[in-house]
Amino acid sequence: MAADTKNPENANDIVKSKNFIYEIIDEDLKTKKWDVNICTRFPPEPNGYLHIGHAKSICLNSGIARDYSGKFNLRFDDTNPEKEEQEYVDSIIEDVKWLGGNFEDRILYASDYFDKMYTWAIDLIKKGKAYVCDLNADEIRETRGTLTEPGKPSPYRNRSVEENLSLFEKMRNGEFPDGSKTLRAKIDMASPNFNLRDPIMYRILHDEHHRQGNKWCIYPTYDWAHGLEDSIENVTHSICTLEFENHRPLYDWFLNELGIFHPQQIEFARLNLTYTVMSKRKLLQLVKENYVDGWDDPRMPTVSGFRRRGYTPEAIRNFAEIIGVAKRDALTDIALLEYAIRDDLNKHAQRVMAVLHPLKVTITNYNGEEVLDAVNNPEDAGMGSRKVPFSNEIFIEQSDFIENPPKGYHRLIPGGEVRLRYAYIIKCEEVIKNEKGEVVELRCTYDKETKSGSGTSTKKVKGTIHWVSAKQALNIEVRLYDRLFTVEAPDAGKEKNFLDFLNPGSCEIIPNALVEPFIKGSKPGARFQFERHGYFCVDTKYTTSEKLVFNRTVTLKDSWGKTK
RNA sequence: UGCCCCGUAGUGUAAUUGGCAACACGUCUGACUCUGGAUCAGAAGACUUCAGGUUCGACCCCUGACGGGGCAGCCA
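Each residue of the first sequence is one higher than the one before, starting from 1141 at the first, in this note's numbering.
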């Protein structure tokens, strides 16, 4: 983005284009619009777990603070006690930290500003710009007007300042029941923008707040509170999503009437990803109705889900960089995200051989055992090598042998040869089947001149397959994840329920896969590449001291599988 | 129906602010390879939604259409 701003000498570098928000900030800096440092914020409501769309926002906001040497605040927008919980606060803090959002020590809460907001409300009442309204919810809706008709003024619109002050104080003191009164801004009931038709600033809610307890029984609405929160924190650029565009005139109105520090609200398009849903409501439903195994189910598009699945914060940050920021709503191909994680893991993940669907192979002319050298990461020599045990009884992948190969298949076939990775070339001499005609074992011979790295082999084989030595192999559980939904936009159809598109095969559990002993004792969260399969990580939830459980983060690209 | 926002290859973004459309992913070739991965080389793919207008020149400015999204919570 603007990372190169301070390095204009990098003339040879491709000039990274800036998104429109960086251009606005550049312009602001040029015109000296602000007499404070650039400040952004991420203002989640603690009513759910963060998802990849929030991650985009976190990367954007914290990235701006980083690039302009400003500040980035984490602020909980906790103005509605009915939906908010401490569990969500905790998870959000963890997720933002994990993503690398640098809020330093600033964990802020809108609820800490309630007193200040209250006095500002009184200021507005005194200016004759706000009034207590006795209309109930239904009546307010009925008098708000429609898309084409103006609303009707509330009969309470012209109460005196004194009466409003007194009523508002009584509201605060708990003298009225929920929903019986509201404090409204007096703006314009005929405005074509609904948000300006005397919007509600406070509602009565006798509900315990997760941080304020029972101190308050009136709570500020988003529109009233948000700009004040930003203003208090000297946020310069208040970045939010497109649906708040129509709220900006109101955001500005409150700040102007109060005459306080006035942040600039800027809207950008939220992230949509193919084959998943992003609305908190739908994600909550998936959790509550047990379609998934909690908010951090590896199939969930939540930050915690991606973390458990094995994604790295670097990959997610890079993804955010790749997709950019703009104002048109879009549906981003999940392939972009998968590219980001493969790109990262390819460079950093320890390689290891694992057999998911074992087929026994006996090497009839091999005696004894030996240990072979295997490279830990061909992309990074610094990661060194490891020893892999080899013997006359090994397991290979069932799919790496086929009796009647299609054209182009170049793995093991009857009478054919393949290379065992890091070991020898073997030849399939005999195929053993059970009563049902299923292949249960292969009897092969090996060529000792073909040992990996010996340089003595003159043979060329078309394929190399992975394997694991039977005696030393470690038994593990592997979970193969696929997309949660079967269609690109499960929530696109207004008539159809997104649940109808759930992918029944989104999680395949392989209880007994085999892996080389190297990974024994791996810690939860550890990431590996299972050669020729994909990237996997040790599950943090179901791994036990007896058995490692692995989640497949993402497959390797498979140009052969595609052609079939 | 009223108001607001948006329309650039399959996908996501760019275009030095009016100079003849670029990057990434994806797709397809070929090379290389002890991962059908990675890497390397290359290709295809966009009359910039449409129609007018301004201009020597328009993705960019103007007008109008069409298409998409948002707004009638005491949610955010």
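Think of the CB as a built atom: it goes at the ideal place given N, C-alpha and C, for glycine as much as any other residue.
Quantities reported herein were computed from a predicted structural model and do not represent experimental measurements.
Residue i and residue j closer than 7 angstroms at C-beta
{"i": "L1214", "j": "P1453", "result": "no"}
{"i": "G1241", "j": "I1280", "result": "no"}
{"i": "T1695", "j": "G1450", "result": "no"}
{"i": "P1317", "j": "Y1342", "result": "no"}
{"i": "Q1405", "j": "R1388", "result": "yes"}
{"i": "M1311", "j": "K1321", "result": "yes"}
{"i": "L1323", "j": "V1272", "result": "yes"}
{"i": "R1559", "j": "V1601", "result": "yes"}
{"i": "R1337", "j": "G1268", "result": "no"}
Identity of the residue in the options nearest residue i by Cα
{"i": "K1355", "options": "P1221, V1601, T1180", "result": "P1221"}
{"i": "E1397", "options": "A1261, D1175, C1584", "result": "A1261"}
{"i": "L1423", "options": "S1378, R1439, L1477", "result": "R1439"}
{"i": "E1570", "options": "I1553, N1615, Y1564, Y1296", "result": "I1553"}
{"i": "S1539", "options": "H1497, S1531, N1532", "result": "H1497"}
{"i": "T1381", "options": "K1660, R1410, N1615, D1363", "result": "R1410"}
{"i": "T1703", "options": "S1592, S1251, G1548", "result": "G1548"}
{"i": "R1351", "options": "N1304, P1441, D1230, V1432", "result": "D1230"}
{"i": "T1683", "options": "L1169, R1667, K1663", "result": "K1663"}
{"i": "T1585", "options": "M1523, I1503, E1303", "result": "I1503"}
{"i": "A1475", "options": "T1414, F1535, K1172", "result": "T1414"}
{"i": "L1639", "options": "V1417, K1697, D1235, L1345", "result": "V1417"}
{"i": "E1686", "options": "G1701, Q1669, G1445, K1660", "result": "K1660"}
CA-to-CA distance, residue j to residue i, given in whole angstroms
{"i": "N1147", "j": "G1464", "result": "Reliability of the predicted coordinates at N1147 is poor, the pLDDT of 31 falling under 50, and the value obtained from them is presented with this limitation in mind. N1147 and G1464: Cα-Cα distance of roughly 21 angstroms."}
{"i": "I1456", "j": "P1183", "result": "19 angstroms"}
{"i": "P1657", "j": "S1597", "result": "27 angstroms"}
{"i": "I1572", "j": "S1699", "result": "30 angstroms"}
{"i": "E1617", "j": "V1608", "result": "15 angstroms"}
{"i": "I1232", "j": "D1436", "result": "12 angstroms"}
{"i": "G1674", "j": "T1680", "result": "19 angstroms"}
{"i": "E1348", "j": "K1223", "result": "11 angstroms"}
{"i": "E1708", "j": "N1335", "result": "Since the displayed the chain opens at 1141 and closes at 1704, residue 1708 lies outside it and no answer follows."}
{"i": "E1537", "j": "R1551", "result": "11 angstroms"}
{"i": "D1363", "j": "E1315", "result": "25 angstroms"}
{"i": "N1691", "j": "F1676", "result": "5 angstroms"}
For residue i, the three-state DSSP class (helix, strand or coil)
{"i": "P1529", "result": "strand"}
{"i": "G1445", "result": "helix"}
{"i": "D1347", "result": "coil"}
{"i": "Y1768", "result": "Summary: the structure shown does not reach residue 1768, with the chain confined to residues 1141 through 1704, and so no result is reported for it."}
{"i": "I1154", "result": "Low confidence applies to I1154: its pLDDT is 44, below 50, so where it sits in the model is not reliable enough to give any reading."}
{"i": "L1426", "result": "helix"}
{"i": "N1486", "result": "helix"}
{"i": "K1237", "result": "helix"}
{"i": "G1522", "result": "helix"}
{"i": "S1539", "result": "helix"}
{"i": "W1174", "result": "coil"}
Residue environment, residue i, which counts as buried when at least 16 other CB atoms sit within 10 Å
{"i": "A1270", "result": "buried"}
{"i": "R1219", "result": "For the sequence presented, residue 1219 should be read as Thr rather than Arg. It counts as buried."}
{"i": "S1157", "result": "exposed"}
{"i": "L1480", "result": "One detail in the question is off: residue 1480 reads as Ala in this sequence, not Leu. Looking at its Cβ environment, which holds 16 or more other Cβ atoms inside 10 Å, A1480 is buried."}
{"i": "E1543", "result": "exposed"}
{"i": "T1259", "result": "exposed"}
{"i": "L1426", "result": "buried"}
{"i": "T1288", "result": "exposed"}
{"i": "R1667", "result": "buried"}
{"i": "L1307", "result": "buried"}
{"i": "D1469", "result": "exposed"}
Proximity test, residue i beta-carbon vs the ligand COA heavy atom, cut-off 6 angstroms
{"i": "W1435", "result": "This structure lacks the ligand COA; in fact it carries no ligand of any kind."}
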